[in-house]
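Peer 1: Sequential numbering from 1138 applies to the sequence shown in our numbering. For every residue, glycine included, the Cβ atom is placed at its ideal position computed from N, Cα and C. A quick note: this is a predicted structure, and the numbers were derived from the prediction, not measured.
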Amino acid sequence: MTEDVSNQTSAIRRVVTITDHLGVDLLLKLAAARCLAPFMRTEHTLGSAAAELEMPASSLSYYVTRFQRAGLLEVVRREPRAGKPIPVYRATADEFQVPFDAMPPGMRDQFLNGSRQHVLAEFTTAMDREVLQRFDSGIRVASHPVRGMQIDFMEGAASDDLGITEWWGKVRLTEDEAREYASSLRALAERFGNDTPGPGRRTYITMFGLVPEGRRR
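(1) Whose C-alpha, out of Y1199, L1310, P1241 and S1195, is nearest the C-alpha of P1349?
(2) DSSP three-state label for V1268, please.
(3) With the cut-off set at 9 Å, would you say Y1153 and Q1247 are in Cβ contact?
(4) Where are the alpha helix (DSSP H) runs, 4 residues long or more, that stay fully inside the region 1202-1278, in chain order?
(5) When you compare the region 1150-1168 with the region 1205-1215, are there three or more beta-carbon pairs, one atom per stretch, that lie closer than 8 Å?
(6) So is R1175 buried or exposed if we call it buried at 16+ other beta carbons inside 10 Å?
(7) CA-CA distance, G1330 and T1340?
(8) Suppose the cutoff is 8 Å on Cβ atoms and the five residues either side in sequence are ignored; what does the same chain contact list for L1347 look like?
(9) Let me check understanding here. Comparing Cα to Cα, which of R1284, T1302 and T1202 lies closest to A1228?
(10) With S1196 and L1183 assumed to form a contact (beta carbons below 8 Å), what rounded beta-carbon distance in angstroms separates them?
(11) Nearest to R1128 by alpha carbon, out of F1204, W1304 and E1180?
(12) In this structure, how does DSSP classify G1346 when only helix, strand and coil are distinguished?
(13) Near F1237, what residues of its chain come up, given a Cβ to Cβ distance below 6 Å and the 5 sequence neighbours on each side ignored?
(14) From the DSSP output, in three-state form, read off G1184 for me.
(15) Can you give the Cα-Cα distance for A1279 and L1325, rounded to whole angstroms?
(16) Does the distance from the C-beta atom of D1265 to that of R1151 stay below 9 Å?
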């Protein structure tokens, strides 16, 4: 089932709520959602979307059929050519919303944790590869004036010139500092989060976040 939350105008995004099983399944499984991404951004033929995704058109065709059946994708026009016209597709909304109560049991946790674990695994593998290539001398355990101890690579991992960095741990913040920290992270995501292909661009994996530690009982 789909339900319009807002209408599409030049100034308003069309937002649609998805509650049927097929639509929910397609949107919350990363492999399928990835195949919908080009059509969310702009109009595409099957061939042009497959080229953007770097996958065979025959494989994408499977998902296109299911997207249409679920009401997530529609044919907006047909390009004439000798023989059969080519359908041009576009997502039926600018934003799809899936309520938690529309998700099958366990899907919410599977989606959230599965996504995190997938990206974390990619990040860890890529970072390990860079460490072995660039920081192959060892680990440095040094005193720190505030935390007491600091652990990093012997070269210092001052990687501004390398385009890689990693930091994780715990920090003690006031509520105002936490809001400022979170706002800074959101600003970075807004500035650099657009996955835009182009000359000289390389794909980087990034993870960041901030959450209060659970209270000890």
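Peer 2: On the basis of the supplied data:
(1) L1310
(2) helix
(3) According to the sequence displayed, residue 1153 carries Val and not Tyr. Going by C-beta atoms, V1153 is not nearer than 9 Å to Q1247.
(4) 1244-1271
(5) yes
(6) It should be pointed out that residue 1175 corresponds to Pro in this sequence rather than to Arg. By the 10 Å Cβ count, P1175 comes out buried.
(7) 11 Å
(8) A1315, Y1318, A1319 and L1322
(9) T1202
(10) Incorrect: roughly 11 Å between the Cβ atoms, too far for contact.
(11) What is shown of the chain runs 1138 to 1354, which leaves residue 1128 out entirely.
(12) coil
(13) R1245
(14) helix
(15) 30 Å
(16) no
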